[in-house]
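Accompanying notes for the structure given below.
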Amino acid sequence: MIHFCVLGTAAGGAPTLERAPAAVVVRIEGEVFLFDCGEGTQRQLIRAGISRRKLGLIAITHLHGDHVLGLVPLLASMSSDRRREPLLVIGPPGLGELVWTTLRLIDVQLSFELEVRELAPKTAGTVLETGRWTLRYAAVEHTVPSFSFRLEERRPPVFDMERVRALGLRPGRLLGELKRHGEVTLPDGRVVRLHEVAHHQPQPSLVYCGDTQPCDADIELARGADVLLHEATFSEEHGELARRTLHSTAADAATVAAQAGVGELLLLHFSTRYDTLEPLLYEARRIFPRTRLARELRWEAIPTPREVVESPSLGTA
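Quick note: to get our numbering, add 158 to the position in the sequence shown (first position is 1).
Put into structure tokens, the structure is as follows:
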């Protein structure tokens, strides 16, 4: 199951009493990911109940300060903790220079292996894929190279055990081979394919959108996601400013959500010009009713889909 906690919802360089700079922490089965790392993210992690030592991957959307200025202090604190586990940090071009130059200038020798992997501008693809999750990315449209990320939990197929037994398959080597390769040849020469005896479950998914104006890449990455965390820096009242700075309005975010067919939209990254955010919520809900304002330090879960034990070819009872 995917659990996530929005650590910061503020746009711009300065936090406020109510809003911290951009950061979202995500957990999947004990693995912890951090998306963006604005100023003060370390403290927000503590308040969210997450040890910085547990972080295994950090993804930075772009190099504007409100999304990245907490990164090097976080790395330095990890080193002070005598961390030994390797850490992967991914993000836009220039991220490595920012990290390594700052660490050198503040005289920090890391106690752990750090890999900084820079993504190529105007590209999309898969960053990492394990047996439990897949992390994908897409370049979006902002004033500097910017990326959005999609994290999917990989759930194994559910076998119809009656069908499995009827075909003579038993737990062991042949069933394991079927899981790994999608088909298996039985001793009598028959070929059994995975779709004949198993149902592929939906893959729970979360999309975190970096700063962007609405664009095709934004929509495609979010296609069918359970939850979309999308910036809503401005209201339509300031739509011209949004277009000039390549940001999104709340209405823009809702339009992306509707076109992508997501399950739910959470708005974040709000300009400090807005004392109340209800007008942005109303603006978005007129287009996409399943919209909420992201709340800082609130843990939420994307439920695991109900397991279906019937093979699609056999129907349901």
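A virtual CB, placed ideally from N, CA and C, is assigned to each residue, including glycine.
- Counting the other Cβ atoms within 10 Å of the Cβ of glycine 283 gives fewer than 16, which makes it exposed.
- Taking phenylalanine 305 as reference, the option from Arg210, His225, Leu455 and Glu436 with the minimal CA-CA separation is His225.
- Annotation note: the stretch 377-442 contains the following uninterrupted alpha helix (DSSP H) runs of length 4 or greater, listed N- to C-terminal: 397-403 and 408-418.
- Alanine 383 has its alpha-carbon roughly 14 Å from the corresponding atom of methionine 159.
- Judged by their CB atoms, valine 302 and histidine 222 are nearer to each other than the 8 Å cut-off.
- With fewer than 16 neighbouring CB atoms inside 10 Å of its own CB, methionine 319 falls in the exposed class.
- Looking at the DSSP output, alanine 459 bridges to His161.
- With distances taken between CA atoms, serine 393 lies nearest to Thr407 out of Thr407, Leu399 and Arg201.
- Fewer than three Cβ pairs drawn from the stretch 368-380 and the stretch 337-345 lie within less than 8 Å of each other, which leaves the two stretches out of contact.
- Counted as a single uninterrupted DSSP element, the stretch harbouring arginine 348 is not any beta strand (DSSP E), since DSSP gives it neither H nor E.
- Here threonine 413 is near isoleucine 445, since their CB atoms are less than 8 Å apart.
- For leucine 227 against valine 190, the beta-carbon gap comes to about 21 Å, at or over 8 Å, which does not count as contact.
- Our two residues, leucine 426 and glycine 166, have alpha carbons roughly 8 Å apart in a direct line.
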